[in-house]
Amino acid sequence: MIRLSHVTKSFGREVVLRDVSAVMKRGEIHGIVGRNGSGKTVLLKCIAGLSRVDRGTIRVGGKVIGRDIETPPRLGAIIETPGFLPNYSGFRNLKFLADIRHKIDELDVCEAMERVGLDPDSKKHVSRYSLGMRQRLGIAQALMERPRLLILDEPMNGLDNEGVEDMRALFCALRDEGRTLLIASHNPIDIETLCDHVYEMDAGRMVQKY
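For the sequence shown, the working numbering begins at 625 and goes up steadily by one.
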């Protein structure tokens, strides 16, 4: 699904990714751990096509990002904090997004919300959501178009213990459905509990742990 070949990325004089190479197979959960500033989020942005690499290549499904395609097809992602319109319900927020792309209908939005434990019929505005509810809504947004590849940056942020267990079960179910998940987290317990393969980043370099 994903092949990273000698990926290097800098911002000015700061080298953020240093000769990163890895192969991530389809239908598995791949985890990336590392301290803040280690390069995790920048790497996810490059894989998602949101930032161009300086050297090396990123292939997703055999296509080079930034050359053959701009972004991976059938991608769902949470990278950094999801943003929503505060004065509308969770359902209305996702429906607005669905209407822009015209790929799914209301039933798909409802299904995505229910999978993350949110009630699509609730009229509660997002401004009244807890941090954990906002995170669930962000995951629903990433899921609603039934992506083949999910890129999730710190998906457990703001979740209580029950929410963490719910999302762990959901991510495993998605893997069992044949989806490929790439999860970055500073919490090694989440990663080691979920992932088939784990990579560690430090100062922009990547090492496969298992």
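By construction, the Cβ of each residue, glycine as well, lies at the ideal position given by its N, Cα and C atoms.
message: Between which two residues does the beta strand (DSSP E) holding Glu778 run?
response: No beta strand (DSSP E) contains Glu778, which DSSP labels as neither H nor E.
- request: Have a look at Gly707 and Gly673 and give me their C-alpha separation to the nearest angstrom.
  value: 19 Å
Length-filtered (3 minimum) beta strand (DSSP E) runs lying within the segment 758-828: 773-777, 804-809 and 821-826
task: Please check the pair Lys727 and Glu769, which I expect to be a contact at CB under 8 Å, by giving their CB distance rounded to whole angstroms.
output: 5 Å
query: So is Gln765 buried or exposed if we call it buried at 16+ other beta carbons inside 10 Å?
result: buried
query: Under 8 Å between the Cβ atoms of Leu774 and Arg803?
result: yes
- request: Assign Ser754 to one of two classes, buried (16 or more other C-beta atoms within 10 Å of its C-beta) or exposed (fewer than that).
  value: exposed
- prompt: Assuming Pro779 contacts Ile702 under a Cβ cut-off of 8 Å, what Cβ separation, rounded to an integer in Å, is found between them?
  reply: 6 Å
message: I want to know whether the segment 740-751 touches the segment 709-716 - three or more CB-CB distances under 8 Å.
response: yes
message: Judging by CA-CA distance, which residue of Leu709, Arg772, Ile724 and Glu735 is the nearest neighbour of Lys748?
response: Leu709
field: Inter-stretch contact (C-beta, 8 Å, three-pair minimum) for the segment 651-670 and the segment 796-814
entry: yes
- request: Pull up the distance between the alpha-carbon of His630 and that of Arg758, whole angstroms please.
  value: 36 Å
task: Would you identify the three-state DSSP class for Thr665, choosing helix, strand or coil?
output: helix
- request: If I'm right that Leu806 touches Leu668 with Cβ under 8 Å, what's the distance once you round it to whole angstroms?
  value: 7 Å
- prompt: Quick one: what's got a C-beta closer than 7 Å to Glu694's C-beta in the same chain, skipping five residues either side?
  reply: Gly673
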